[in-house]
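J.: If you're matching positions, the sequence shown starts at 489 in the numbering used here and goes up one per residue. Here a beta-carbon is modelled for each residue, glycine too, at the ideal position from N, C-alpha and C.
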Amino acid sequence: FDETIFAEFERCRKQNILRTDPLAPNVIRRRLPGKLGLVAAFEPDLFLKKRPAALPPEVSVDEPFDPAKFNFNLVKNGGEKLLSIPYQNEDHSILVNVSPLMFGHGLLIPWCSKCLPQSLTADAISLAFHTLQHSKSNRVRIGFNSLGAFSSVNHLHLHILYPDQLNRATNGYKPGALFAKQHGFPIEHAPIQRTLKTTIIAGSKTDSSSFAYQVDILEWKAPCFSFSSHPSSLPKCNDANGINNGTDVKDFQAMKDAVVHFVSLLQSLSIPHNVLFAHDENCQKLRVIVLPRQPQHHFDADTAGFNAALGEISGYLVAKTKEHFLNFDEEKIIDLFQDKVACDEAIIERLCLEIEKRYM
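As structure tokens, then:
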């Protein structure tokens with residue numbers, strides 16, 4: 489899986505299919521001083537050549553699909569396809585992101601021909617879990633931006649990301665200097681602020697022998713919810729085929745249901761959200777980090793110098809200008825996220841109560 493993604497991505501680079509190249513010599517990156525381990529990047533061509541957003545900043549979370557606007561059925565260049573993921577008797581394409589944030593950046597398009605809006609459905613969450621299990625390593629991450637959370641296309645898609653590829657040599661730093669001692673995105677290393685008073689059990693609320701996991705509030709730039717699986721319940725992700733055939737039927741059913749319920753709750757309350765799916769370093773646990781947030785039009789991206797989308801939420805800040813890149817400061821970024829991204833405390837407490845109430 490990973491090897492195919494990388495090989496096909498490199499093919500797209502050599503065939504000039506990409507609008508911008510994350511390994512171009514004019515790309516610069518640096519790690520910001522501070523406790524969070526944030527990484528900043530500046531790609532001079534990224535915002536100049538990137539396809540304009542097909543949505544206004546004030547878009548609602550439940551905006552219906554509009555065939556008149558850009559969607560992935562309009563991608564006619566077969567060379568943009570990296571590979572397909574078989575799931576539920578269908579093949580789901582992973583396309584190259586032609587304006588990638590990093591080497592290997594792809595777009596998973598679930599049930600493309602059905603023209604689904606950018607809403608994270610139960611089936612799409614299952615497909616994300618299934619796709620993670622296709623990887624033979626712990627390197628891949630899957631991300632989602634809802635409408636109102638800096639998604640630029642209202643056609644269901646998820647991001648395939650490889651944060652370790654940010655360690656590849658480009659101008660401005662040596663290989664390994666960014667994430668040398670860190671696995672995944674910085675958000676994955678955020679300390680636990682609070683563990684919710686619930687243990688979620690598959691099939692029964694009392695049978696402790698069933699699959700269980702925990703839900704935590706992370707201490708991050710903005711409050712976010714981390715759903716972590718029980719270590720003993722996961723198969724090794726480097727098995728012979730890199731695939732777990734029981735992903736949705738047994739091993740992850742409880743976790744999937746809880747994430748589906750939580751995301752559905754956010755959608756019903758019209759709360760935009762960013763979602764990150766990840767393995768831990770040893771492939772012993774599966775995590776889903778969900779960040780409920782203010783609508784994106786509250787965030788002035790031009791003044792801030794970056795979009796507050798999944799990458800930036802997770803700790804990778806892509807600067808709009810070199811001046812912004814050079815002047816990024818961790819404390820100012822934290823203040824900005826708390827003021828313009830984070831939901832207020834009353835909303836966070838309501839969401840916590842909803843999670844706990846479901847399993848009382």
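So, is K446 buried or exposed, given that buried needs 16 or more other C-beta atoms within 10 angstroms?
T.: Residue 446 lies beyond the residue range present for the chain, which begins at 489 and ends at 848; the question has no answer from this structure.
J.: Evaluate the contact criterion for the region 502 to 512 versus the region 639 to 652: three or more CB pairs, one atom per stretch, below 8 angstroms.
T.: The region 502 to 512 vs the region 639 to 652: no contact.
J.: Closest to K564 by C-alpha separation, out of H785, S548 and L583, would be which residue?
T.: For K564, the nearest C-alpha among the options comes from L583.
J.: Are the CB atoms of L754 and P780 nearer to each other than 8 angstroms?
T.: Yes, Cβ-Cβ distance for L754 and P780 is below 8 angstroms.
J.: Under 7 angstroms Cβ to Cβ from V748, same chain only, skipping five residues before and after it: list those, please.
T.: These residues qualify, in order along the chain: A610 and I613.
J.: Roughly how many angstroms lie between the CA atoms of N561 and S572, to the nearest whole one?
T.: N561 and S572: Cα-Cα distance of roughly 15 angstroms.
J.: At the level of alpha carbons, what is the spacing between S721 and I597?
T.: In this predicted model, S721 has a pLDDT of only 48, less than 50, meaning its place in the structure is not dependable enough to derive any value.
J.: Within a Cβ cutoff of 6 angstroms, which residues of the same chain sit near G799, ignoring the five residues on either side of it in sequence?
T.: Excluding positions up to five away in sequence, the list reads L589.
J.: Which residue from Y575, H643, V641 and S581 puts its Cα closest to that of L615?
T.: Selected option, being the one with the closest Cα: Y575.
J.: When burial is assigned at 16 or more other CB atoms within 10 Å of the CB, is I493 buried or exposed?
T.: Its Cβ being crowded by 16 or more others within 10 Å, I493 is buried.
J.: Since Q826 contacts A710 with CB under 8 angstroms, what's their CB separation in whole angstroms?
T.: Confirmed, about 6 angstroms.
J.: In angstroms, rounded to a whole number, what distance separates the CA positions of L814 and Q621?
T.: Distance between the alpha carbons of L814 and Q621 is about 38 angstroms.
J.: Under the rule that 16 or more other beta-carbon atoms within 10 Å means buried, what is A495, buried or exposed?
T.: Answer is exposed; the Cβ neighbour count stays below 16.
J.: Let's test the definition: count the other Cβ atoms within 10 Å of the Cβ of A792 and tell me whether it reaches 16, buried, or not, exposed.
T.: Buried, by the Cβ-count rule.
J.: Under three-state DSSP, which class holds G636?
T.: Coil.
J.: So what does DSSP say about E578, is it helix, strand or coil?
T.: It is a strand residue.
J.: Over what stretch of residues does the beta strand (DSSP E) that includes C712 continue unbroken?
T.: First-last of the beta strand (DSSP E) with C712: C712 to S717.
J.: Could you give the residue range of the alpha helix (DSSP H) that holds L753?
T.: Element bounds for L753: Q741 to S756.
J.: The alpha helix (DSSP H) with L620 in it runs from where to where?
T.: Counting along the chain, the alpha helix (DSSP H) containing L620 begins and ends at A610 to H622.
J.: Just how far apart, CA to CA, sit L520 and K602?
T.: If I take the Cα positions, the gap works out to 42 angstroms.
J.: P760: which of F715, L774 and H786 sits nearest, CA to CA?
T.: Out of F715, L774 and H786, H786 has the C-alpha closest to the C-alpha of P760.
J.: Whole angstroms are fine: how far does the CA of S758 sit from the CA of R846?
T.: In a straight line, the C-alpha of R846 is about 20 angstroms away from that of S758.
J.: Suppose the cutoff is 6 angstroms on Cβ atoms and the five residues either side in sequence are ignored; what does the same chain contact list for N795 look like?
T.: F638 and A789.
J.: Just mark G592 as buried or exposed, buried being the case when its beta carbon has 16 or more other beta carbons within 10 Å.
T.: By the neighbour-count rule (16 or more Cβ atoms within 10 Å), G592 is buried.
J.: Report the partner residues of Q702 according to the DSSP bridge assignment.
T.: Q702 pairs with S716.
J.: Out of I836, V806 and V776, point me to the one whose CA is closest to V527's CA.
T.: When each option's Cα is compared against that of V527, the closest is V806.
J.: Quick test of your reading: M743 and F715, contact by CB under 8 angstroms. State the CB separation rounded to the nearest angstrom.
T.: Right, their Cβ atoms sit about 6 angstroms apart.
J.: Within 10 angstroms of the Cβ of S548, are there 16 or more other Cβ atoms? Answer buried if so, exposed if not.
T.: So S548 counts as exposed.
J.: Would you call D652 buried or exposed, if buried means 16 or more other Cβ atoms sit within 10 Å of its Cβ?
T.: The residue in question, D652, is buried, as its Cβ has 16 or more Cβ neighbours within 10 Å.
J.: Helix, strand or coil: how does DSSP classify K820 here?
T.: Reduced to three states, the DSSP call for K820 is helix.
J.: Look at S634 and L604 and say whether their C-beta atoms are less than 8 angstroms apart.
T.: No, Cβ-Cβ distance for S634 and L604 is not below 8 angstroms.
J.: Would you call the CB atoms of L706 and A678 closer than 8 angstroms?
T.: Yes, the Cβ-Cβ distance between L706 and A678 is below 8 angstroms.
J.: How would you label S717, buried or exposed, when you count the other beta carbons within 10 angstroms and need 16 or more for buried?
T.: Answer is buried; the Cβ neighbour count reaches 16.
J.: Enumerate in chain order the residues of its own chain whose CB-to-CB distance from K810 is below 6 angstroms, with the five nearest sequence positions on each side excluded.
T.: Closer than 6 angstroms at Cβ, skipping near neighbours: F530.
J.: Mind checking T619: buried by the 16 CB within 10 Å criterion, or exposed?
T.: Buried, since its Cβ has 16 or more Cβ neighbours within 10 Å.
J.: In this structure, how does DSSP classify T492 when only helix, strand and coil are distinguished?
T.: Here T492 sits in helix by DSSP.
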